[in-house]
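Engineer:
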Amino acid sequence: MSDDWFSSKRDEFIKWLHDENRRRGLSRAVSSYTAARDYALSCLPHLEKIRKEVRKIKEYAVEQMDELRKIASERITESHGNAYFARDANEARKIFLELVGSNKIVVKSKSLVTEEIHLNGALERNGNKIFETDLGEFIIQIRGEKPTHIINPSVHVPKEEVAKTFSKLLGREVKPDIPELVGVAREYLRDKFCKADIGITGANVVAANTGTLFIIENEGNARFVSNAPPVHICITGIEKLVPTLEDAFKVVQVLPPYATGILMSAYVSMITSPSRTADIEKTLVYGAHGPKELHVIFLDNGRSRMLRDPLMKEALYCLRCGGCMYECPAYRVLGGSFGHNYFGGIGIIWSAFTAGEDKVAAAIDACMKCGRCKEVCPLEIDVPKMIECLKSRLVEKGYLADKHRMIKENILKTGNPFGE
Amino acid sequence: MPQKVLYWKGCMSRFRTKTIADSIERLLTLLNVDYTTLGEKEGCCGSVLYRTGQTADALSVSKNTLEKISSLNIKDVVTGCPGCFRTMSQDYTNAFRSVPFKVRHISQFLFDMQGELRGHLRPIEAKVVYHDPCHLGRHMGVYEEPRALIKMIPKVDLLEFKYNRNKALCCGSGGGVRSAFPEISLEISKSTLGELPEGTDILVTACPFCKYNFVEGNNRKIKIEIVDLPELILRACGG
Chain A
-19 MSDDWFSSKR DEFIKWLHDE NRRRGLSRAV SSYTAARDYA LSCLPHLEKI RKEVRKIKEY
41 AVEQMDELRK IASERITESH GNAYFARDAN EARKIFLELV GSNKIVVKSK SLVTEEIHLN
101 GALERNGNKI FETDLGEFII QIRGEKPTHI INPSVHVPKE EVAKTFSKLL GREVKPDIPE
161 LVGVAREYLR DKFCKADIGI TGANVVAANT GTLFIIENEG NARFVSNAPP VHICITGIEK
221 LVPTLEDAFK VVQVLPPYAT GILMSAYVSM ITSPSRTADI EKTLVYGAHG PKELHVIFLD
281 NGRSRMLRDP LMKEALYCLR CGGCMYECPA YRVLGGSFGH NYFGGIGIIW SAFTAGEDKV
341 AAAIDACMKC GRCKEVCPLE IDVPKMIECL KSRLVEKGYL ADKHRMIKEN ILKTGNPFGE
Chain B
22 MPQKVLYWKG CMSRFRTKTI ADSIERLLTL LNVDYTTLGE KEGCCGSVLY RTGQTADALS
82 VSKNTLEKIS SLNIKDVVTG CPGCFRTMSQ DYTNAFRSVP FKVRHISQFL FDMQGELRGH
142 LRPIEAKVVY HDPCHLGRHM GVYEEPRALI KMIPKVDLLE FKYNRNKALC CGSGGGVRSA
202 FPEISLEISK STLGELPEGT DILVTACPFC KYNFVEGNNR KIKIEIVDLP ELILRACGG
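Chains as they are written, first to last, in this note's numbering: chain A, -19 to 400; chain B, 22 to 260.
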């Protein structure tokens, strides 16, 4: 095997290590996050109990993923929505292309699942215009970059760089003043929400017994996206399903403090059906002020395989708060290069199942298995154990760094890794 | 009558951080411990192979080592390397079910001998910060014994990293990163050193890998001493 798989990742790592702008952005974010989260957790002592309950909920729910998806799909259909099941990324893109068609204006709120299935490119190639509306996603969309954090996708872009990007977009000088930068995005995106034909969101958790989608956010853009256009399409992984509304509310309490260090998000949208009214003669009409149509796509794309893998299924409990990434010593210096389509240790496991093991064959060698991620995870997911297991599988396939091979040869020959 | 002890040096202390092995041997002698080493025949515990996914080789190497130690009929093993400590305690038990000897890290061993040790300790006037090695702390739950030993030294002022114990930051050398990506390893070492409380005189760790990586990462930039726990204890004993 040639060592391209290793050397190309090493080059990407080195670029990150030496990119002062990205490192500055990241390190500012790490210190604000950790301070905010520590404060939020100190205000919410009862969360200790709830996060343990959520672990139990997830342990149960992922075993029932398939059943819960069927229940949720039935409920959504009963309330005049449409539910779909996509086995892989290709099927999901097909469903999207049929629903969206061409020449449409599409507004999106942040969804890592749409990154996972490479949705934007597919829709654009069909002649649609896509606007990312989450501020972080908006910044990297116009910069033509990839997200580097699941909650804060532009975490690597410091304000000075954002100002340059916005100045170019507007053709006038924008100062690196954070409130002013936020204002620019607000002004630019405002009318896009109402002009859009279609709004696309993800979901943070789905209650199967009512088919209710929960969308947790702070900016208010997901509310616009899921409410202003006549059509709302939501795509979510099947591991986001929990049995009941009560379970979902527990997840909703755990996510905000761990994700962004706030006690509760500014907005939690619960969506169960298209907008409707029966105010005139008790006659039910769909599409009052909100969307006429609601489409929910449940995506598998490796998740069932994860469930059937006893050593890896714990990864399905991940709520995607992203807290572990800020706490990861490797992510702190490598940012978005430490992973593939998902980041950090848990992201390496997720990338392996959703994009392919070979995609993380080299990135995994930057994990020190230090175990800090497990300590800060609200669900105490044992990431280092899964990393060691995945690494061992990769080695069996031949993905072994030259240095590690040399160490082995030295040990076998001389009894020590130095060969002395 | 106390049982004979095997002092397992570990590869780092045998070849790269020899002063750690020397300090441990001098402490064992000072405390009249009846100990032996495997000398040139020591070999490898298998830790680096387990951590780099070379599981089949890790199993054969560690089986060899397990048999070698078992044949000595020694029940009490002490090591200064948390990697060896974790591997022999956890990985051996997982792989071979029964391990016919007990392994302790030198910090636990010295802590258990505090009665004998205490009388030897002379004051060290310094602000000392203890770094929790990942293999010793998070992976094996040993947080307090090293701190208790440091505090036993008269006049030592023990400070803490902001993130300590189970939240401690890694030195950057774990999991095969130091060999696969030395640049990353050093960058992480620097970033952890950057979190040292102001006024620290001595950074004490309890792992040859951490010591080595911190010394390299610091490259004499910050004016501190970086020592391993047995080295500090030996110094307090006048060594």
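Glycine included, C-beta positions come from ideal geometry on N, C-alpha and C.
Going by the beta-carbon positions, is the gap between residue 88/A and residue 196/A smaller than 9 Å?
Structural biologist: No, Cβ-Cβ distance for residue 88/A and residue 196/A is not below 9 Å.
Engineer: If contact means a Cβ-Cβ distance below 8 Å, which residues of the segment 158 to 170 of chain B contact chain A?
Structural biologist: Against chain A - using a Cβ distance shorter than 8 Å - the residues of the segment 158 to 170 of chain B are 159, 160.
Engineer: Which full runs of the alpha helix (DSSP H) of 4+ residues lie inside the segment 194 to 230 of chain A, going along the chain?
Structural biologist: Correct list: 201 to 207.
Engineer: In this structure, what does DSSP give as the bridge partners for residue 251/A?
Structural biologist: According to DSSP, which records beta bridges pairwise, residue 251/A is partnered with 193/A.
Engineer: Give a yes or no on whether the C-beta atoms belonging to residue 340/A and residue 354/A are separated by under 9 Å.
Structural biologist: No; because the gap between Cβ atoms is not below 9 Å, this pair is not in contact.
Engineer: Check the Cβ-Cβ distances between residue 391/A and every residue of chain B, and say whether any is below 9 Å.
Structural biologist: Chain B, which has a Cβ nearer than 9 Å to the Cβ of residue 391/A, makes this yes.
Engineer: With DSSP as the reference, label residue 214/B as helix, strand or coil.
Structural biologist: Residue 214/B: helix per DSSP, three-state reduction.
Engineer: Hey, how far is the Cα of residue 310/A from the Cα of residue -3/A?
Structural biologist: Roughly 10 Å between the two C-alpha positions.
Engineer: Could you pull the start and end residues of the beta strand (DSSP E) that residue 126/B belongs to?
Structural biologist: Note, residue 126/B: beta strand (DSSP E), 123 to 126.
Engineer: Rounded to a whole number of angstroms, what is the C-alpha to C-alpha distance between residue 208/A and residue 356/A?
Structural biologist: C-alpha separation (whole angstroms): 37 Å.
Engineer: Quick one: list the residues of chain A neighbouring residue 70/B, beta-carbon separation under 7 Å, in chain order.
Structural biologist: Going along chain A in sequence order, the residues near residue 70/B (Cβ under 7 Å) are 388, 391.
Engineer: Do we get a CB-CB distance below 9 Å when we pair residue -7/A with the residues of chain B?
Structural biologist: Output row for residue -7/A: interface = yes.
Engineer: Helix, strand or coil: which one does DSSP assign to residue 43/B?
Structural biologist: In this structure, residue 43/B counts as helix in the three-state DSSP scheme.
Engineer: Please work out which residues of its chain come closer than 6 Å, Cβ to Cβ, to residue 125/B, disregarding the five sequence neighbours upstream and downstream, and give them in chain order.
Structural biologist: Around residue 125/B: 99.
Engineer: At 4 residues or longer, what runs of the alpha helix (DSSP H) sit wholly inside the segment 148 to 229 of chain B?
Structural biologist: Listed in chain order, they are 165 to 173, 198 to 201, 203 to 214.
Engineer: Do the segment 97 to 115 of chain B and the segment 27 to 41 of chain B meet, that is, are 3 or more Cβ pairs less than 8 Å apart?
Structural biologist: Yes, the segment 97 to 115 of chain B touches the segment 27 to 41 of chain B.
Engineer: Measuring alpha carbon to alpha carbon, tell me which of 235/A, -17/A, 57/A, 91/A ends up nearest residue 359/A.
Structural biologist: The option with the nearest alpha carbon to residue 359/A is 235/A.
Engineer: Taking C-beta to C-beta, are residue 156/B and residue 228/B nearer than 9 Å?
Structural biologist: Result yes, Cβ atoms of residue 156/B and residue 228/B sit closer than 9 Å.
Engineer: If we cut at 9 Å on Cβ distances, does residue 198/B have a partner in chain A?
Structural biologist: True, the Cβ-Cβ gap to chain A drops below 9 Å.
Engineer: In chain B, which residues lie less than 9 Å from residue 362/A when you measure between Cβ atoms?
Structural biologist: Chain B residues near residue 362/A: none, gap ~11 Å exceeds 9 Å.
Engineer: Listing by chain order, which chain A residues have their CB less than 8 Å from the CB of residue 285/B?
Structural biologist: What is shown of chain B runs 22 to 260, which leaves residue 285/B out entirely.
Engineer: For chain A, find out if any of its Cβ atoms is closer than 9 Å to the Cβ of residue 78/B; answer yes or no.
Structural biologist: Yes, residue 78/B counts as interfacial toward chain A.
Engineer: Which residues in the same chain as residue 171/A place their Cβ atom closer than 6 Å to its Cβ, once the five residues preceding and following it in sequence are excluded?
Structural biologist: No residues qualify anywhere along the chain.
Engineer: So with Cβ pairs under 9 Å, would you call residue 345/A a contact of chain B?
Structural biologist: True, the Cβ-Cβ gap to chain B drops below 9 Å.
Engineer: Could you name the residues of the segment 171 to 183 of chain A whose beta carbon sits closer than 9 Å to any beta carbon of chain B, in the order they occur along the chain?
Structural biologist: Answer in chain order: no residues at all.
Engineer: Can you say whether residue 101/A is buried or exposed, counting buried as having 16 or more other CB atoms within 10 angstroms of its CB?
Structural biologist: Classification for residue 101/A: exposed.
Engineer: Can you say whether residue 166/B is buried or exposed, counting buried as having 16 or more other CB atoms within 10 angstroms of its CB?
Structural biologist: It is buried - the Cβ of residue 166/B has at least 16 other Cβ atoms within 10 Å.
Engineer: What residues in the segment 207 to 240 of chain A have a beta carbon less than 7 Å from any beta carbon of chain B?
Structural biologist: Going along the segment 207 to 240 of chain A in chain order, one finds no residue with a Cβ nearer than 7 Å to chain B.
Engineer: Please determine if the segment 67 to 83 of chain B and the segment 374 to 383 of chain A are in contact, where contact requires at least 3 C-beta pairs separated by less than 8 Å.
Structural biologist: Short answer: they touch.
Engineer: Say whether chain B places a C-beta atom closer than 9 Å to the C-beta of residue 301/A.
Structural biologist: Chain B, which has no Cβ nearer than 9 Å to the Cβ of residue 301/A, makes this no.
Engineer: May I have the straight-line CA-CA distance separating residue 199/A from residue 116/B, to the nearest angstrom?
Structural biologist: One C-alpha to the other measures close to 50 Å.
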